[in-house]
Each structure stands twice: as structure tokens, then as C-alpha cells.
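This report refers to the structure that appears directly beneath it.
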Amino acid sequence: MALDFAAGCVGGAAGVLVGHPFDTVKVRLQVQNVNKPMYRGTFHCFQSIIRQESMLGLYKGIGSPMMGLTFINAIVFGVQGNTMRMLGRDTPLNQFLAGASAGAIQCVICCPMELAKTRMQMQGTGEKKSKRKMYKNSLDCLVRIYNKEGIRGINRGMVTTLVRETPGFGVYFLAYDVLTRSLGCEPEDPYMIPKLLFAGGMSGIASWLSTYPVDVIKSRLQADGVGGVYQYNGIMDCVRQSIQKEGWRVFTRGLTSTLLRAFPVNATTFATVTLFLMYMREGGECSIPDSEPPSVQLQPLQTQTQPTSM
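Given below as C-alpha cells:
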């Protein structure tokens, strides 16, 4: 359990480093003003951020997911593992239920973390060097929001986060379980690692597709109020205004960058986790063939492709 947890933390950190630039692009596209859009699409946004804000602009807000990663993984691994043991049988349905439970509970950490991430990603938009920074870093962002709005402020977007994460994690674990069973990930299979990478990447894509419209609303609610100007009175008001101004296509804003991010993030996470486990087992004089099947060992290691936020 401790080894799996450590591997998941290392793999998750690698995934955040790889995927954060596309997450920044996603958030910018989701919340930009439709009347005065700065970006025409995913690649224009990517290029514009580099040109206007340098490469570092793509990594704005990365401190928050890196900071919250360990706590999120601890919650996800613990809840998912305990739920599976309580359910007793390793079935696709139970994988969904265990994943959904883990997704729901980790929202306690995920929501404030993503609030700080979103606010930091929006800060200094289009400026290479911000003239006036509202927040010094992710922690300062949360402290300032708390001092101004209290607990309710740092939990802005909690309901939408819960609606996104609960089925999202369920779909993720279900898809991974089905794919690994279908691909036949056995210990002696020379293509075991590529199969696990493929299964993880495709599971991440499936998870995002199942809940993406909710993520758009979540991002808009969490970005609302920057500069003291509030546009939405709540979830339904945000949905109503978004559809009224932009139509149903609003729920696909930033989807391309999200899907481009989903596969490599999970591929990086799986590769790092696998190498870490192999290295640690060799260090502990435990040979790979004698260890448990990877499909059993690695099932609880599928971290959030979003991030939790990830």
C-alpha cells in the first residue's frame, strides 16, 4: 500500500508537469469573453500565451495541483481500495462504484486546489510581466479568498466539482478495468507496459468526455469574481447565460486541448509508476515475475486526469 501510494505520487507529479500547459489553454478558452475573444482556438491560444507571456505562462497555477497532489492521491487510493474490499468482488460495476466514491470524497481537496489554479491561470492574461499581481502564488490566492469570502469562498464551485468528479472517477476506473481485461495485461506479456499506458490514456479520455460540460461551468464559476466583478448568481444562472450567449457549443470550449492533454498525462503517469515500482521491487530483492499481476497492482494508481485536477 505504501509503495503503491509513493509510486502514484511520483507518477501523478510527472503527469501534472506534462499536462499543465494544455490545462492552462483549456481554462483560458473556457472562460474567455465571447464578445471580445482573445483566442481563436486551441493552437492559437497556445501560441499566444508563449508569445505574450513566455513559456512560463503555460505553467501558471501549477503550484496548486503539485501541492494538493499528495493529499488527493492519499484520499483516492484509500477510499478506492477500502471500497473494493468492502464490495468483495472485483467487477466492472464495483470498479465504477469504488472510483465514484473516491472521486466524491477527494473533492474536499480538489475544489480549493482547482479554484487557486484557475485564478492563477487567469492572472496576467496577455501580459509578459504583470504590472500588478493580485496573487503571489496559489497559497496566497487561497488565503486572500478566505480572508475576503470565508470558507464559502474557497469552496466556490464545490457542487460542480462534485458532479464532475463522482461519475468522472467512476467512468475512469470502469474504463480502465474493461480495457485491461480486454487487452489481457498479464505479467509475462512483453507488451504489458504499452497496454497499460494505452488503457490509462483511453480511460482518461473517456472520463473527460463523460463530464466535460460540467467542467466548463465549474471553470466559469471559479473564475467569476476576479477583479471584484461577478457575472453569475449560481450554477443554473451560469448555464443559462452561457447557452443564451454562445449556444450549446459552449460546452465544448477547450475540449480539444483537454483531449490532447488527457492521453499523454496518463501515459506519463503510468510509465513513471511502472518504472518506480520495478525499481523499488528490485531494490527490495523482490523479482518482477514473483510479484502480483500488474492489473491488480496498478488498478488503484489511476489518478485524476483533470487533477484533479489533475
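Residue numbering for the sequence shown follows full-length UniProt numbering, beginning at 1 and increasing consecutively. Where a beta carbon is used, it is the ideal one built from N, C-alpha and C, also for glycine.
Residue range of the unbroken alpha helix (DSSP H) whose run includes residue i
{"i": "P213", "result": "192-223"}
{"i": "I109", "result": "107-122"}
{"i": "K148", "result": "138-154"}
{"i": "F46", "result": "42-53"}
{"i": "residue 313", "result": "As displayed, the chain neither begins before 1 nor continues past 310, which places residue 313 out of reach and without an answer."}
{"i": "C238", "result": "235-246"}
{"i": "D177", "result": "158-183"}
7 Å Cβ cutoff met for residue i and residue j
{"i": "C185", "j": "N155", "result": "no"}
{"i": "F169", "j": "P213", "result": "no"}
{"i": "T160", "j": "I217", "result": "yes"}
{"i": "P65", "j": "K117", "result": "yes"}
{"i": "G68", "j": "T166", "result": "no"}
{"i": "V171", "j": "A199", "result": "no"}
{"i": "R261", "j": "G19", "result": "yes"}
{"i": "T254", "j": "K26", "result": "Looking at the sequence itself, residue 254 is Gly, so the reference to Thr does not match. Yes, the Cβ-Cβ distance between G254 and K26 is below 7 Å."}
{"i": "S101", "j": "V79", "result": "yes"}
{"i": "R164", "j": "D215", "result": "yes"}
{"i": "F96", "j": "L174", "result": "yes"}
{"i": "V34", "j": "E246", "result": "yes"}
Nearest-angstrom Cβ-Cβ length linking residue i and residue j, presumed shorter than 8 Å
{"i": "L162", "j": "C107", "result": "5 Å"}
{"i": "E127", "j": "Q52", "result": "7 Å"}
{"i": "T211", "j": "Q121", "result": "20 Å between Cβ atoms; not a contact."}
{"i": "G201", "j": "N266", "result": "5 Å"}
{"i": "G157", "j": "Y146", "result": "G157 to Y146, Cβ: 15 Å. No contact."}
{"i": "S182", "j": "G61", "result": "Not a contact, Cβ separation roughly 37 Å."}
{"i": "Q241", "j": "Y232", "result": "7 Å"}
Closest Cα partner of residue i within the set the options
{"i": "L209", "options": "V178, T256, E246", "result": "T256"}
{"i": "K148", "options": "L259, G228, Y59", "result": "G228"}
{"i": "F22", "options": "Y59, N35, S54, P37", "result": "Y59"}
{"i": "I109", "options": "E246, G57, I151", "result": "I151"}
Neighbour flag for residue i against chain C, beta carbons, 7 Å
{"i": "G153", "result": "Any reference to chain C falls outside this structure, which holds one protein chain only."}
The ligand COA heavy atom lying under 6 Å from the CB of residue i
{"i": "P112", "result": "The ligand COA is absent from the structure shown, which contains no ligands of any kind."}
Counting pairs of beta carbons, one from the segment 22-31 and one from the segment 218-236, are three or more of them closer than 8 Å? yes
Between the segment 73-90 and the segment 31-48, do three or more beta carbon pairs fall short of 8 Å? The segment 73-90, when compared against the segment 31-48, does not touch it at the 8 Å Cβ threshold.
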